[in-house]
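Q: Below: one structure in structure tokens.
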Amino acid sequence: MNSWIRRKRPKFLKRTPLAWHQVTRERTRLLVAIAGIAFADMLIFIQMGFEGALFDAAVQPHRNLQADLVLTNPQMQTLFSVKAFPRARLYQTLAHPQVKSVNGVYIATGQWKNPETKRERAILVWGIDPAEPSFKFPEVTNNQDKIQPLHRVLFDQAGRPEYGFTTTAFEQKGHFAAELNNKLIQVDGVFTNGASFAADGNVIASDSTFLQLFPNRSPEQIEVGLIQLQPGANLAQVKADLEALLPDDVLVGTTEDFAQIERDYWANGTGIGFIFGLGVGVGFIVGIVIVYQILYSDVSEHLPEYATLKAMGYTDNYLLGMLIQEALLLAVLGYLPSVGLALGLYQLAFAATMLPISMTAQRATTVLIMTILMCSMSGAIAMRKLRSADPADIF
Numbered sequence: 059m060n061s062w063i064r065r066k067r068p069k070f071l072k073r074t075p076l077a078w079h080q081v082t083r084e085r086t087r088l089l090v091a092i093a094g095i096a097f098a099d100m101l102i103f104i105q106m107g108f109e110g111a112l113f114d115a116a117v118q119p120h121r122n123l124q125a126d127l128v129l130t131n132p133q134m135q136t137l138f139s140v141k142a143f144p145r146a147r148l149y150q151t152l153a154h155p156q157v158k159s160v161n162g163v164y165i166a167t168g169q170w171k172n173p174e175t176k177r178e179r180a181i182l183v184w185g186i187d188p189a190e191p192s193f194k195f196p197e198v199t200n201n202q203d204k205i206q207p208l209h210r211v212l213f214d215q216a217g218r219p220e221y222g223f224t225t226t227a228f229e230q231k232g233h234f235a236a237e238l239n240n241k242l243i244q245v246d247g248v249f250t251n252g253a254s255f256a257a258d259g260n261v262i263a264s265d266s267t268f269l270q271l272f273p274n275r276s277p278e279q280i281e282v283g284l285i286q287l288q289p290g291a292n293l294a295q296v297k298a299d300l301e302a303l304l305p306d307d308v309l310v311g312t313t314e315d316f317a318q319i320e321r322d323y324w325a326n327g328t329g330i331g332f333i334f335g336l337g338v339g340v341g342f343i344v345g346i347v348i349v350y351q352i353l354y355s356d357v358s359e360h361l362p363e364y365a366t367l368k369a370m371g372y373t374d375n376y377l378l379g380m381l382i383q384e385a386l387l388l389a390v391l392g393y394l395p396s397v398g399l400a401l402g403l404y405q406l407a408f409a410a411t412m413l414p415i416s417m418t419a420q421r422a423t424t425v426l427i428m429t430i431l432m433c434s435m436s437g438a439i440a441m442r443k444l445r446s447a448d449p450a451d452i453f
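Note that the sequence shown ends on residue 453 in our numbering; no numbers are left out.
Spelled out as structure tokens, the structure:
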């Protein structure tokens with residue numbers, strides 16, 4: 059029976075796992091290789107994590123607008139310097155039978171004065187109609203009635219601490235007094251959005267309070283028009299109809315289109331995308347160099363053994379396959395601890411910056427593929443040394 063089992067055992071189970079033995083033969087070298095690959099992966103994870111977090115933070119308010127379609131100025135690139143358009147364009151959309159309701163939003167950058175230090179800091183101010191839904195944030199929806207009186211606002215509790223707002227003080231008193239554009243205002247509610255490229259914090263006020271804070275603003279000029287469609291309406295068709303109906307001084311899009319404009323600005327209109335991409339490239343190159351050094355040292359030390367295998371009839375392709383197997387083993391062994399370390403660093407970064415940084419399945423898969431690729435490239439490069447293993451020279 060035992061002999062029958064041995065005869066039926068698949069061929070690959072009879073093969074000696076040379077790649078595994080080569081990798082694990084010297085534990086110190088293996089640990090150094092794992093640490094090096096994990097370090098390279100950490101560089102990649104950190105660059106990708108911060109890039110994703112900053113972009114997600116920049117477009118979070120766009121994606122939380124309560125609308126099926128939005129109107130914006132075609133010249134608008136970022137909330138930091140948003141462009142206005144005539145409110146009349148928003149009312150024109152009501153001519154379409156599938157448009158249910160419309161709502162205008164004001165956006166401007168104000169100066170918030172820290173109540174304790176008296177230092178001013180820029181903050182993004184949103185002016186909305188308190189009687190109409192404008193944001194998907196539950197805290198905003200449930201507290202819009204609180205901003206109906208003049209000089210009452212909702213404050214972004216995930217903003218930078220330099221604003222001087224503390225949740226403890228707010229909960230104790232039920233309100234928080236401060237100055238915005240040199241006018242006394244009162245925080246009667248909070249919501250959670252977070253800092254971004256455009257601003258370190260956000261304030262939501264009624265449209266009446268907004269015009270009080272920015273007296274030079276015209277009520278007939280708005281930054282964003284929110285359009286709600288009838289239930290069952292064809293979104294793509296209505297969008298095309300409105301584009302044909304409205305003049306070229308407004309742009310019709312979804313909230314995701316609006317968010318993509320902001321993301322494209324920071325990714326392509328500034329050096330931020332290049333900087334993060336460069337960081338990922340550096341991490342990738344560091345990984346290639348580290349794995350190459352490990353594999354090159356292994357080949358150099360065992361050149362006679364490899365020459366013996368070639369003398370026995372093993373081809374260069376077979377030996378290349380073995381090197382690639384070693385590289386893949388190193389890739390997996392180095393990748394696993396980097397994921398755990400990245401998760402810990404993401405938590406520290408979130409606590410320190412309040413940026414929405416977290417591990418995603420797509421990012422984890424991307425880094426794994428990059429790790430396998432850089433290790434495979436290292437194995438292919440190290441193969442050049444292996445090709446020089448000539449049995450005639452060694453023996």
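For every residue, glycine included, the Cβ atom is placed at its ideal position computed from N, Cα and C.
For the beta strand (DSSP E) containing alanine 294, name the first residue and the last one.
A: Working through the sequence shown from its first residue, we reach residue 294 at position 236. It is not in any beta strand (DSSP E) - alanine 294 instead sits in the alpha helix (DSSP H) that spans 293-303.
Q: Give the range of the beta strand (DSSP E) segment to which alanine 235 is assigned.
A: Reading the sequence shown from its first residue, position 177 is the one you call residue 235. Unbroken beta strand (DSSP E) run through alanine 235: 234-238.
Q: Apart from the five residues just before and just after valine 340, which ones in its own chain have a Cβ nearer than 7 angstroms to its Cβ?
A: For the purposes of this step, residue 340 is identified with residue 282 of the sequence shown, where counting begins at 1. If we look at valine 340 and ignore the five residues flanking it on each side, its Cβ neighbours are Leu101.
Q: Which word fits isoleucine 427, buried or exposed, when buried means at least 16 other C-beta atoms lie within 10 angstroms of its C-beta?
A: Your numbering for residue 427 matches position 369 in the sequence shown. Its Cβ having fewer than 16 others within 10 Å, isoleucine 427 is exposed.
Q: Once DSSP output is grouped into helix, strand and coil, what is the label at arginine 179?
A: The count along the sequence shown starts at 1 and reaches residue 179 at position 121. Here arginine 179 sits in strand by DSSP.
Q: Can you check the segment 88-153 for any beta strand (DSSP E) of at least 3 residues that lies completely inside it and give the ranges in chain order?
A: Taking only runs of at least 3 residues, the beta strand (DSSP E) segments lying wholly in the segment 88-153 are 127-130.
Q: Mind checking phenylalanine 174: buried by the 16 CB within 10 Å criterion, or exposed?
A: Taking the sequence shown and counting its residues from 1, the one referred to as residue 174 is at position 116. According to the sequence shown, residue 174 is glutamate rather than phenylalanine. Flag for glutamate 174 reads exposed.
Q: Starting from the C-beta of glycine 392, find all residues in its chain whose C-beta is less than 6 angstroms away, skip the five residues before and the five after it, and write them out in chain order.
A: The residue you call residue 392 lines up with position 334 of the sequence shown. Excluding sequence neighbours, glycine 392 sits near Ile92, Ile95, Ala96.
Q: Helix, strand or coil: which one does DSSP assign to isoleucine 186?
A: Translated into the one-based positions of the sequence shown, residue 186 becomes position 128. Residue state, collapsed to three classes: strand.
Q: Tell me where the alpha helix (DSSP H) around threonine 267 begins and ends.
A: Translated into the one-based positions of the sequence shown, residue 267 becomes position 209. 265-271 is the span of the alpha helix (DSSP H), which, as asked, contains threonine 267.
Q: Could you check whether lysine 194 and glycine 247 sit closer than 8 angstroms to each other, using their CB atoms as the reference points?
A: Start at 1 with the first residue of the sequence shown, and residue 247 comes out as number 189. Start at 1 with the first residue of the sequence shown, and residue 194 comes out as number 136. In this structure, lysine 194 does not lie closer than 8 angstroms to glycine 247 by Cβ.
Q: Report all residues from its chain with a CB closer than 6 angstroms to the CB of phenylalanine 272; omit the five preceding and five following residues, and keep chain order.
A: Here residue 272 refers to the residue found at position 214 of the sequence shown. Only Ala166 meet the Cβ criterion.
Q: Do threonine 418 and aspartate 99 have their C-beta atoms within less than 8 angstroms of each other?
A: In the sequence shown, residue 418 corresponds to position 360, counting from 1. In the sequence shown, residue 99 corresponds to position 41, counting from 1. Taking 8 angstroms as the Cβ cut-off, threonine 418 and aspartate 99 do not qualify as a contacting pair.
Q: Three-state secondary structure (DSSP) at valine 288?
A: For the purposes of this step, residue 288 is taken as residue 230 along the sequence shown, with counting starting at 1. For the sequence presented, residue 288 should be read as glutamine rather than valine. Three-state DSSP puts glutamine 288 in coil, outside helix and strand.
Q: What do you reckon, are the CB atoms on alanine 22 and histidine 120 nearer than 8 angstroms?
A: This structure leaves residue 22 out entirely; the chain is present only between 59 and 453.
Q: Helix or strand or just coil, what does DSSP make of phenylalanine 70?
A: Reading the sequence shown from its first residue, position 12 is the one you call residue 70. At phenylalanine 70 the pLDDT is 39, less than 50, meaning the model places this residue with poor confidence; the figure from the coordinates comes in the next sentence. Looking at phenylalanine 70 - three-state DSSP - the assignment turns out to be helix.
Q: Which word fits proline 305, buried or exposed, when buried means at least 16 other C-beta atoms lie within 10 angstroms of its C-beta?
A: Position 247 of the sequence shown, counted from the first residue, corresponds to residue 305. Proline 305 is exposed by the Cβ-count criterion.
Q: Phenylalanine 193 bridges to which residues according to DSSP?
A: To locate residue 193, count along the sequence shown from 1; it is residue 135. DSSP output for phenylalanine 193 lists Leu123 as bridge partner(s).
Q: Tell me whether lysine 72 is buried or exposed, calling it buried when 16 or more other Cβ atoms sit within 10 Å of its Cβ.
A: Reading the sequence shown from its first residue, position 14 is the one you call residue 72. Legend: pLDDT at lysine 72 = 41, less than 50; position of this residue unreliable, no value from coordinates given.
Q: Does the Cβ-Cβ distance between alanine 125 and alanine 256 come in under 8 angstroms?
A: Within the sequence shown, numbered from 1, the residue matching residue 125 stands at position 67. Within the sequence shown, numbered from 1, the residue matching residue 256 stands at position 198. Contact: no.
Q: How many Å lie between asparagine 131 and leucine 137 at the Cα?
A: Position 73 of the sequence shown, counted from the first residue, corresponds to residue 131. Position 79 of the sequence shown, counted from the first residue, corresponds to residue 137. Taking the straight line joining both Cα atoms gives about 12 angstroms.
Q: Which residues bound the beta strand (DSSP E) around lysine 158?
A: The residue given as residue 158 occupies position 100 in the sequence shown. Segment 157-171, the beta strand (DSSP E) holding lysine 158.
Q: Please check if any C-beta of chain D sits within less than 8 angstroms of the C-beta of asparagine 122.
A: In summary, chain D is missing from the structure at hand, where a single protein chain is found.
Q: Give me the residue from Gly335, Asp322, Phe408, Gly327 with the minimum Cα distance to alanine 253.
A: Here residue 253 refers to the residue found at position 195 of the sequence shown. Nearest option by C-alpha distance: Phe408.
Q: Does DSSP put phenylalanine 332 in a helix, in a strand, or in coil?
A: Taking the first residue of the sequence shown as position 1, residue 332 is located at position 274. Correct three-state label for phenylalanine 332: helix.
Q: For the alpha helix (DSSP H) holding aspartate 315, just list the boundary residues, first then last.
A: Looking up residue 315 in the sequence shown gives position 257. Residues 313-326.
Q: Count the other CB atoms, across all protein chains shown, that sit within 10 Å of the CB of tyrosine 326; report buried if there are 16 or more and exposed otherwise.
A: Taking the sequence shown and counting its residues from 1, one reaches residue 326 at position 268. The sequence given here has asparagine at residue 326, not tyrosine. Looking at its Cβ environment, which holds fewer than 16 other Cβ atoms inside 10 Å, asparagine 326 is exposed.
Q: State buried or exposed for phenylalanine 70, treating a residue as buried only when at least 16 other CB atoms are found within 10 Å of its CB.
A: Taking the first residue of the sequence shown as 1, we reach residue 70 at position 12. Confidence is the limiting factor: at phenylalanine 70 the pLDDT is only 39, short of 50, which leaves the residue's position unreliable and the question unanswerable from this model.
Q: Would you tell me roughly how many angstroms separate the C-alpha atoms of proline 144 and serine 276, rounded to the nearest one?
A: Along the sequence shown, read from residue 1 onward, the residue named residue 144 stands at position 86. Along the sequence shown, read from residue 1 onward, the residue named residue 276 stands at position 218. Rounded to the nearest angstrom, the two C-alpha atoms are 10 angstroms apart.
Q: Reducing DSSP to helix, strand and coil, say where phenylalanine 249 ends up.
A: Taking the first residue of the sequence shown as position 1, residue 249 is located at position 191. Strand at phenylalanine 249.
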